[in-house]
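Residue numbers for the first sequence follow the UniProt record's numbering, so the first one is 1 and each next one is one higher. Step one of this worksheet: look at the structure below.
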Amino acid sequence: MPSKSTKTTAKKTKTTKTTNKSKVSPKTTIKSASTSTVKKEVKKSVEKKDKKITYNTLRGMRDITPKNGVIWQNVYSVIRNVSNSYGFSYVETPILEQANLFIRSIGKGTDVVDKEMYLFEDKDGSKVCLRPEMTASMARSYIENGMQALPQPVKVWYHGQMFRHDRPQAGRFRQFYQSGCETIGDSGPVVDAELISVAYNTLRDLGIDTVVNINSIGTLEDRQNYIVELVGYLRSKRSYLSEESKKRINKNPLRILDSKEKEDIEVMEEAPQILDWLSPESKKFFTDVLEYLDEAEIPYVLNSKLVRGLDYYSNTVFELYADDEEFSNLALGGGGRYDGLIEQLGGQPTPAAGFSLGLDRVVMILRKRQEKLEREGQKPVEEKKNKVFFAQLGIQANKKSLYILEFLRREGITVYHNLAKSSLKAQMEMANKIGATHTLILGQKEVQDGSILVRNMDSGIQEVVDQKKIANFVKKILQA
RNA sequence: GUGGCCAUUGUAUAAUGGUUAUUACUUCGGUUUGUGGUACCGACAAUACGGGUUCAAUUCCCGUUGGCCACCCCA
Numbered sequence: 001m002p003s004k005s006t007k008t009t010a011k012k013t014k015t016t017k018t019t020n021k022s023k024v025s026p027k028t029t030i031k032s033a034s035t036s037t038v039k040k041e042v043k044k045s046v047e048k049k050d051k052k053i054t055y056n057t058l059r060g061m062r063d064i065t066p067k068n069g070v071i072w073q074n075v076y077s078v079i080r081n082v083s084n085s086y087g088f089s090y091v092e093t094p095i096l097e098q099a100n101l102f103i104r105s106i107g108k109g110t111d112v113v114d115k116e117m118y119l120f121e122d123k124d125g126s127k128v129c130l131r132p133e134m135t136a137s138m139a140r141s142y143i144e145n146g147m148q149a150l151p152q153p154v155k156v157w158y159h160g161q162m163f164r165h166d167r168p169q170a171g172r173f174r175q176f177y178q179s180g181c182e183t184i185g186d187s188g189p190v191v192d193a194e195l196i197s198v199a200y201n202t203l204r205d206l207g208i209d210t211v212v213n214i215n216s217i218g219t220l221e222d223r224q225n226y227i228v229e230l231v232g233y234l235r236s237k238r239s240y241l242s243e244e245s246k247k248r249i250n251k252n253p254l255r256i257l258d259s260k261e262k263e264d265i266e267v268m269e270e271a272p273q274i275l276d277w278l279s280p281e282s283k284k285f286f287t288d289v290l291e292y293l294d295e296a297e298i299p300y301v302l303n304s305k306l307v308r309g310l311d312y313y314s315n316t317v318f319e320l321y322a323d324d325e326e327f328s329n330l331a332l333g334g335g336g337r338y339d340g341l342i343e344q345l346g347g348q349p350t351p352a353a354g355f356s357l358g359l360d361r362v363v364m365i366l367r368k369r370q371e372k373l374e375r376e377g378q379k380p381v382e383e384k385k386n387k388v389f390f391a392q393l394g395i396q397a398n399k400k401s402l403y404i405l406e407f408l409r410r411e412g413i414t415v416y417h418n419l420a421k422s423s424l425k426a427q428m429e430m431a432n433k434i435g436a437t438h439t440l441i442l443g444q445k446e447v448q449d450g451s452i453l454v455r456n457m458d459s460g461i462q463e464v465v466d467q468k469k470i471a472n473f474v475k476k477i478l479q480a
């Protein structure tokens, strides 16, 4: 990870440096404004000439490097397995969308739309934006592709980059990765519970135990009634609220519920609870969801202050937090039901629910844990396995190498190699560095014999193996 | 968007208002030709950018950019 700042260095060459020094050397002691300006201008031009232009990632964006690649692939693989086994189909949608899609669905007045969207004009003047989340895109895709004609509900999963112009922070980036599931076309509470179960178990399979925070914000009608009541209460306590929350009374009163300000927390203790304002149907729905969770043995906490910032949610809302003090402030995922969204975006009235996981945060936790283990001297699991390196020597062997590698690959065998190196010594060094337990050596002699030399890197014992039998021989090594 | 801390090679570091900016690791090459781990030799590689103060700035000051962290918000 970038523990240090990115280096955007303009690299001066040595020659530049020396020229600079001599140009600015104190020999020239004549004090005159004009000469010193001239000196500086000369210095500038010399420097600029030799400066290498370097490029770096934009703020809040980052590379996934080979060092972290393994862990990301592992995360993807777990997500794929879990999502597929619950019957979700893989989908993708474009990163660039019409801006209005998000403005209408997420809602004006939310920070995501008002402050954080990567919004710009396309060449034809239309407003487009980098997607800040996936649910609206998926709803659009459902309508546009006529998925109401598919057996309902349509269950999909995805992963991809989202963009929000936020100030970067621990576990927060401007380009961030989300993976999630959406179930569109079924209004049953079991759908909500299943989604929570998928989210919960995905994280559990990755080795992260979580606690589900859950709440119901009812239907739009429930919520409107509640907001009237809440605003009334807040106005009566206005003078006790924080400055920030005073502004929120009109703009976004629900947000005051989860404020972290001391004053606000005190005021909110007496505030009306949304659960008391749910219609009987909403209440029933919520208790049903909870019963499913109980049966599934998924740990959850009722959190009446959980509201979530996107307008399209209705009834169930939830967030998952790591059951680990070190990371307890970061939501690893969240979601909820959004029964009104498809209709709002121009489709048939269609119930739906979904969740997404913040993969950057998941990876961050996994990486920190791995680093901790490494500090304690434990080898990563990967390095404990047997690894095979292939080395070649001489032109004939070198030319034959690609054939052998492909032959082994078809047998499902992974071999590390560096065909660009010619000296055996250099290849042995490399084999050692990557932690190979065995090295296959193909030289002039072996090409003629139709054999391959197999060296055990620990014992140094070498065996001559017939090329025809090499695949099975290597398989045995890798299985051991 | 607001605030705090920070910025020297790929990584981790040392030093200084004034000769060639330290050291280690990594990378690359070598210590004679078909054998790695150790040892030895060598090479590449940095003061984020812009401006100011100064005879002289990597060092002091300001701005910008970026990083870390918190708020806001969210995943």
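Virtual Cβ for every residue (Gly too), placed ideally from N, Cα, C.
- Query: With 16 as the cutoff for other CB atoms within 10 Å, does Asp276 come out buried or exposed?
  - Reply: exposed
- Message: Need the endpoints of the alpha helix (DSSP H) that Phe389 sits in, please.
- Response: Phe389 -> not in any alpha helix (DSSP H); beta strand (DSSP E) instead, spanning Val388 to Gln392.
- Item | Beta carbon of Leu419 nearer than 9 Å to that of Leu408 | no
- Item | Contact set for Ala139: own chain, Cβ-Cβ below 6 Å, skip 5 residues either direction | Leu341, Ile342 and Leu345
- Message: Measuring only the C-alpha atoms, how far is Ile477 from Ser328?
- Response: 43 Å
- Exposed or buried, what is Tyr177 when buried is set at 16 or more other beta-carbons lying within 10 Å of its beta-carbon? buried
- Under a Cβ-count criterion, where at least 16 other Cβ atoms within 10 Å of its own Cβ denotes burial, should Tyr240 be classed as buried or exposed? exposed
- Mapping DSSP to helix, strand and coil, what is Thr219? coil
- So, using beta-carbon positions, are Val317 and Val211 closer together than 9 Å? no
- Locate the alpha helix (DSSP H) running through Asn100, then write down its first and last residues. Ala99 to Ile106
- Task: Give a yes or no on whether the C-beta atoms belonging to Gln392 and Gly443 are separated by under 9 Å.
- Result: yes
- Contacts around Tyr233, its chain only, beta-carbon distance under 7 Å, and the 5 residues preceding and following it disregarded: Ala271 and Pro272
- What did DSSP end up calling Tyr158 once you bin it into helix, strand or coil? strand
- For Asp166, the three-state DSSP class (helix, strand or coil): coil
- Relative to the alpha-carbon of Ile217, which residue among Thr350, Ser83, Gly309 and Glu244 has its alpha-carbon at the smallest distance? Gly309
- Item | Assigned secondary structure, Val307 (DSSP; H/G/I helix, E/B strand, else coil) | coil
- Mind checking whether Ala149 and Ser105 have CB atoms under 9 Å apart? no
- Query: From which residue to which residue does the beta strand (DSSP E) around Arg455 run?
  - Reply: Ser451 to Asn456
- Message: Assuming contact is defined by CB atoms lying nearer than 9 Å, are Leu306 and Leu320 in contact in what I supplied?
- Response: no
- Task: Report the rounded CA-to-CA distance for Tyr313 versus Phe286, giving the unit in angstroms.
- Result: 14 Å
- Item | Separation of Tyr86 from Asp360, as counted between CA atoms | 23 Å
- Do you know offhand how far Asn201's Cα is from Glu295's? 15 Å
- Query: By a C-beta neighbour count over all protein chains shown, 10 Å radius and 16 as the cutoff for buried, is Asn472 buried or exposed?
  - Reply: exposed
- Same chain only: Cβ atoms within 7 Å of Val267, ignoring 5 sequence neighbours per side: Lys237, Tyr240 and Leu241
- Given Val191, which residues of its chain have a CB within under 6 Å of its CB, disregarding the five upstream and five downstream residues? Thr183 and Ala353
- Item | CA-to-CA distance, Asp186 to Pro153, given in whole angstroms | 5 Å
- Specify the secondary structure class of Asn213 as computed by DSSP and reduced to three states. strand
- Task: Could you tell me the distance, in whole angstroms, from the CA atom of Asn252 to the CA atom of Met364?
- Result: 31 Å
- Item | For Leu101 and Asp124, the rounded distance between their alpha carbons | 18 Å
- Message: I'd like the list of long-range same chain contacts for Thr414, defined as Cβ closer than 7 Å, with 5 residues on each side in sequence excluded.
- Response: none
- Rounded to a whole number of angstroms, what is the C-alpha to C-alpha distance between Gln224 and Leu257? 15 Å
- Query: CB-CB under 8 Å to Gly334, same chain, minus the five flanking residues each way: which ones, in chain order?
  - Reply: Arg308, Val317, Phe318, Glu319, Leu320, Phe355 and Ser356
- Message: I'd like the span of the alpha helix (DSSP H) that includes Ser137, first residue to last.
- Response: Thr135 to Glu144
- Identity of the residue in Lys127, Gln348, Val454 and Leu119 nearest Asn145 by Cα: Gln348
- Task: Report the three-state DSSP secondary structure of Thr437 (helix, strand or coil).
- Result: coil
- Which residues bound the alpha helix (DSSP H) around Arg409? Ile395 to Arg410
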